[in-house]
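Visitor: In this note's numbering, the protein residues as written are 3 to 375.
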Amino acid sequence: MSRSLRDFRRIVVKIGSALLVERATGTLKEAWLDSLADDVAALAADGAEVLIVSSGAIALGRGRLGFAKGTLHLEEAQAAASVGQIALAHAYSSVLGKRGLTAAQVLLTLDDTENRHRYLNARATLGTLIARKAVPVINENDTVATTEIRYGDNDRLAARVATMIGADLLILLSDIDGLYTAPPNDDPNARHIPVVERITPEIEAIAGGAGSEFSRGGMKTKIEAGKIACPAGTAMIITLGKRVHPLVAIDKGLPATWFLAEDNPVTARKKWIAGSLDARGSVTVDAGAVRALRSGKSLLPAGCVSVDGKFSRGDTIIVLGPDGHELGRGLAAFDHDEAEAILGRKSHEIESILGYIGRTAMIHRDDLVLRGE
């Protein structure tokens with residue numbers, strides 16, 4: 003198992019409000035944020051792609067609106083978030099900009115990661131930002147999310163983002179340096195667990211039940227995040243976040259708990275596309291498209307001969323060669339009727355045919371698995 007962050011290609015870092023905002027004053031912990039930005043810039047300089055999932059909007063906004071301490075009503079929390087999101091985005095833009103990095107604000111709700119069409123849109127946006135070397139700063143959209151459509155914690159949101167974009171590693175910066183056999187504040191014999199090979203019922207029990215003090219401290223949601231991330235091929239780290247340069251501290255070997263990925267992200271995604279979803283249709287391609295696919299290219303409309311089935315964008319469809327044999331499977335970038343309309347056409351013609359700027363590929367290479375891969 004790798005113990006250096008520089009061995010990972012794509013990293014999601016989750017930051018809680020308590021790390022970023024002074025509780026008493028509702029102001030940013032600027033020195034800490036500067037140290038984190040140094041760490042992110044160092045990883046980016048080494049070729050890593052870093053995404054940040056950050057809380058803090060409500061904490062920053064409530065003081066500026068003069069809300070008293072204590073629990074906020076929903077409309078008050080959403081108002082605070084609307085003010086705090088501007089402050090949070092400005093802070094990240096400023097601190098990363100000083101280090102030559104471009105920050106991008108991305109606000110998500112539960113529907114954006116669980117609804118198929120919204121999921122694909124969100125993933126495409128994040129993928130474009132990453133390709134342009136920007137650092138996406140992601141938060142739950144608390145200005146519009148209600149109890150019924152909220153994640154409620156950014157641990158699980160970070161895990162869904164990590165699986166969405168095929169991250170190698172998810173780092174949860176916490177108020178504790180990892181998982182222990184018991185709450186260390188309550189049990190002097192509690193032992194730190196440096197590595198979790200698999201999240202078992204025993205590991206879940208250590209994190210505490212829904213009504214325990216330990217779970218209210220956040221460990222339960224972190225284990226739930228691991229249950230999302232690790233089976234999808236993303237390793238996870240829980241480590242102490244309040245120290246300065248928290249990411250460098252991991253490379254220095256300071257205490258943390260590593261949760262091993264059950265597979266690598268590419269393999270996990272290929273298995274999911276190839277075998278876990280029912281195909282809703284098919285697309286037949288010509289010989290030129292077969293050669294392009296074999297060389298690692300996306301499937302473009304120009305190489306498509308016909309489509310069959312009533313599939314929607316995001317559904318799994320079978321790719322058939324000129325002889326009718328299955329070449330592979332992938333996620334359709336268009337609905338059936340749209341796909342039929344652009345058969346055999348050049349990618350630059352898609353806008354004039356469909357009336358909007360869509361994807362350039364019928365199936366993107368990242369969403370395609372060929373037989374034998």
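Even glycine gets a Cβ: it sits at the ideal position worked out from N, Cα and C.
(1) Which residues does DSSP pair with residue 232 in a beta bridge?
(2) Going by beta-carbon coordinates alone, are residue 226 and residue 158 separated by less than 9 Å?
(3) Assuming residue 395 contacts residue 59 (C-beta within less than 8 Å), just tell me the rounded distance between them.
(4) Counting only the same chain and skipping the five closest in sequence on each side, list residues whose C-beta sits under 7 Å from that of residue 348.
(5) Let me check one thing: in DSSP terms, what residues is residue 241 bridge-paired to?
(6) Tell me the DSSP secondary structure of residue 105 in three-state form.
(7) Looking at C-alpha atoms only, which residue of 23, 44, 31, 24 is the closest neighbour of residue 8?
(8) Below 9 Å between beta carbons: does that hold for residue 66 and residue 93?
(9) Under 9 Å between the Cβ atoms of residue 355 and residue 334?
(10) For the structure I just gave you, are there three or more beta carbon pairs, one from the region 337–353 and one from the region 307–315, closer than 8 Å?
(11) Which full runs of the beta strand (DSSP E) of 3+ residues lie inside the region 52–110, going along the chain?
(12) Among 132, 95, 155, 341, which one has its Cα closest to the Cα of residue 111?
(13) Among residues of its own chain, excluding the 5 on either side of residue 48, which ones have a beta-carbon nearer than 6 Å to its beta-carbon?
(14) Which residues mark the beginning and the end of the beta strand (DSSP E) in which residue 196 is found?
(15) Does the distance from the CB of residue 122 to the CB of residue 179 come in under 9 Å?
(16) Is residue 122 near the ligand ADP - that is, is its Cβ less than 8 Å away from at least one heavy atom of it?
(17) Less than 8 Å between the CB atoms is what I'm expecting for residue 1 and residue 315, so what's the real figure, rounded?
(18) Taking Cβ to Cβ, would you say residue 221 is nearer than 9 Å to residue 234?
(19) For residue 74, which residues in the same chain have their Cβ closer than 8 Å to its Cβ, ignoring the five residues on either side in sequence?
(20) Under the rule that 16 or more other beta-carbon atoms within 10 Å means buried, what is residue 187, buried or exposed?
(21) Is residue 288 closer than 9 Å to residue 248 when the C-beta atoms are compared?
(22) With residue 321 and residue 259 assumed to form a contact (beta carbons below 8 Å), what rounded beta-carbon distance in angstroms separates them?
(23) If you drop the 5 nearest sequence neighbours on each side, which residues of the same chain put their C-beta closer than 6 Å to that of residue 312?
(24) Within 10 Å of its beta-carbon, does residue 224 have 16 or more other beta-carbons around it, so buried, or fewer, so exposed?
(25) Tell me, please, whether the CB atom of residue 43 is closer than 9 Å to any CB atom in chain C?
(26) With 16 as the cutoff for other CB atoms within 10 Å, does residue 191 come out buried or exposed?
(27) So, residue 53 versus residue 25, is the Cβ gap smaller than 9 Å?
Guide: Looking at the coordinates:
(1) Per DSSP, none; premise fails for residue 232.
(2) In contact: residue 226 and residue 158 (Cβ atoms closer than 9 Å).
(3) This structure cannot speak to residue 395, because the chain is shown only from 3 to 375.
(4) Here the set comprises 304.
(5) Partner(s): 175, 258.
(6) It is a strand residue.
(7) Distance check between residue 8 and each of 23, 44, 31, 24 places 44 closest, using alpha-carbon atoms only.
(8) With a cutoff of 9 Å on beta-carbon distance, residue 66 and residue 93 are scored as not near each other.
(9) No, they are not a contact pair.
(10) Yes: at least three Cβ pairs fall under 8 Å.
(11) Runs of the beta strand (DSSP E) inside the region 52–110: 104–110.
(12) Comparing C-alpha distances from residue 111 to each of 132, 95, 155, 341 shows the shortest one belongs to 155.
(13) 8.
(14) Per DSSP, residue 196 is not a residue of any beta strand (DSSP E), being assigned neither H nor E.
(15) No, the Cβ-Cβ distance between residue 122 and residue 179 is not below 9 Å.
(16) No copy of the ligand ADP appears in this structure; indeed no ligand is present at all.
(17) Since the displayed the chain opens at 3 and closes at 375, residue 1 lies outside it and no answer follows.
(18) No, Cβ-Cβ distance for residue 221 and residue 234 is not below 9 Å.
(19) Listed in chain order, the non-local C-beta contacts of residue 74 below 8 Å within the same chain comprise 60, 64, 82, local neighbours out to five positions each way being set aside.
(20) With fewer than 16 other Cβ atoms within 10 Å, it is exposed.
(21) Cβ distance not < 9 Å, so residue 248 and residue 288 don't count as in contact.
(22) Your pair residue 321 and residue 259 does not check out as a contact, with CB atoms roughly 41 Å apart and the cut at 8 Å.
(23) Cβ within range, chain order: 338.
(24) Counting C-beta atoms within 10 angstroms of its own C-beta, residue 224 has 16 or more neighbours from the protein chains shown and is therefore classed as buried.
(25) In the structure shown, chain C cannot be found, because there is only a single protein chain.
(26) So residue 191 counts as exposed.
(27) Not a contact, by the Cβ cut-off of 9 Å.
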